[in-house]
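Notes to accompany the following structure.
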Amino acid sequence: MRFISRTPLIPIMAVVALVGACSTPSPEAASPATDTVAVAPPAPAPVPARPVHWGYGEEAGPASWGSLSPVYALCGNGKGQSPIALTSGTATSGPSWSFDYRTTRLAVAHHEHVENLVDNGHTIQVTVDEGSTLTLNGTAYTLKQFHVHTPSEHTIDGKNMPMEVHLVHQDSAGNFAVVGVLVKEGAANANFAKLVANLPAAKGDTVAVAGEQLDLTMHLPAREKAYHYVGSLTTPPCSENVQWLVLQDMITLSKDQIQAFSSRIGPNNRPTQPLNTRTVSSVGLSGSMR
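In C-alpha cells form, the structure reads like this:
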C-alpha cells in the first residue's frame, strides 16, 4: 500500500520588519503629565539555523556557500571540510568499528531545504527506524537516515563514481558519524529497486509503503574495509568534527537505477576539499554485522 503526503515547502528565510509608529494624541485624549516607565522593545525573532538558499549551480553554489550567511562560514574558511580526494592503498591503520544494522520500514522523501537532522536539500532521503547502530572506537552512533549524491562526493584516485550513499549516524551527545558507500555501474541492486519503484513524484513529497522493509545490511559491500578521517557535513552549514568512514569496496546499481536517482537530484555533489593537516587511516570491520 502506498501513501503520498505533500508538505508545503518551508520558506527559506522569514524576514520580520518591526516598524515603530508615532502618533500625536488628540486634545480629547490629552491628560496631565505623569511619570512614565520605559518599556523595552520586544526581542527580535530568532534567526533560523539555515536561513539562506543554497544550491549546486553557479548561483548560490558550493564556491559561494561560505559567503551566503555567517551561519555557513565554515563552508568557506573551515580547515576540516568534506568531501576529500582519497588515494587507494596509502592509508595508515586507524580505529576499530562495527555495524549492527537491521531492517527499516520504507519511507522515502524528496527534500528541498527541509529542516531535519541534516539539511539535505536536493536529495532523496530515507529516514530509518530505530535500532541500527555503528560503533566507532567504543562509541555507539545510531543510524538516523541515509541519502544519495550523484555523482559521488568523495573521489578515489581522482575519479568520481556515478553515485554515493551517505548513512548518517548520531551519538547520545549529538556528534555525527557518516558512512559513505560508493556506487559503480553494474548489476541491479534488489534493495535499491524498492526505492526506485517508490521515488516521490515531486519535491516535498514523502512516500510510505506499508509492509515493505529494507534490509540495511544490503546497502553495504560484502567486505567491509574503510577510509577513516575527521571531516564535516558536505552541505551547509558544513559543521566540522564529523567522523567519516568511506568504504573501500563499492556496491553496484544498474545504469537505469542510477539514472532514476540522478535524473531527479543530480548533480548534487560538493567538490573535494583540501586535506590540510588531517590524516586518512585504513580501518577494517571488527566483529559481525549483527
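Under our numbering, the residue at position 272 of the sequence shown is numbered 259, and the numbers go up by one with no gaps. Even glycine gets a Cβ: it sits at the ideal position worked out from N, Cα and C.
**OP:** Please determine, among L220, H215 and Q246, the residue with the shortest C-alpha to C-alpha distance to T266.
**Re:** H215
Original post:
What does a CB cutoff of less than 7 Å around K242 pick up in its chain, not counting 5 residues either side in sequence?
Top reply: E172
**OP:** Count the CB pairs spanning the stretch 233 to 241 and the stretch 158 to 172 that are closer than 8 Å, and state whether there are at least three.
**Re:** yes
**OP:** Report the partner residues of Q157 according to the DSSP bridge assignment.
**Re:** According to DSSP, Q157 bridges with T129 and F163.
**OP:** Less than 8 Å between the CB atoms is what I'm expecting for G271 and K212, so what's the real figure, rounded?
**Re:** 5 Å
Original post:
How about the stretch 58 to 67 and the stretch 221 to 228: do they share at least three Cβ pairs that are nearer than 8 Å?
Top reply: yes
Original post:
Can you tell me whether DSSP reads T122 as helix, strand or coil?
Top reply: strand
**OP:** Buried or exposed for P138, please, with buried defined as at least 16 other CB atoms from any protein chain shown within 10 angstroms of its CB.
**Re:** buried
Original post:
Using a Cβ-Cβ cut-off of 7 Å (strictly less than) and excluding sequence neighbours within five positions of Q260, which residues of its own chain qualify?
Top reply: Q68, S69, P70 and I71
Original post:
Are L207 and H141 close, meaning C-beta to C-beta below 7 Å?
Top reply: no
**OP:** Look up L104 in the DSSP assignment and say whether it is helix, strand or coil.
**Re:** In this prediction, L104 has a pLDDT of 33, which is less than 50 and means its spatial position is unreliable; what the coordinates show is noted afterwards. L104: coil per DSSP, three-state reduction.
**OP:** Report yes or no: do three or more beta-carbon pairs, one from the stretch 118 to 127 and one from the stretch 150 to 163, lie closer than 8 Å?
**Re:** yes
Original post:
Which of helix, strand or coil does DSSP assign to S226?
Top reply: If DSSP states are grouped into helix, strand and coil, S226 belongs with coil.
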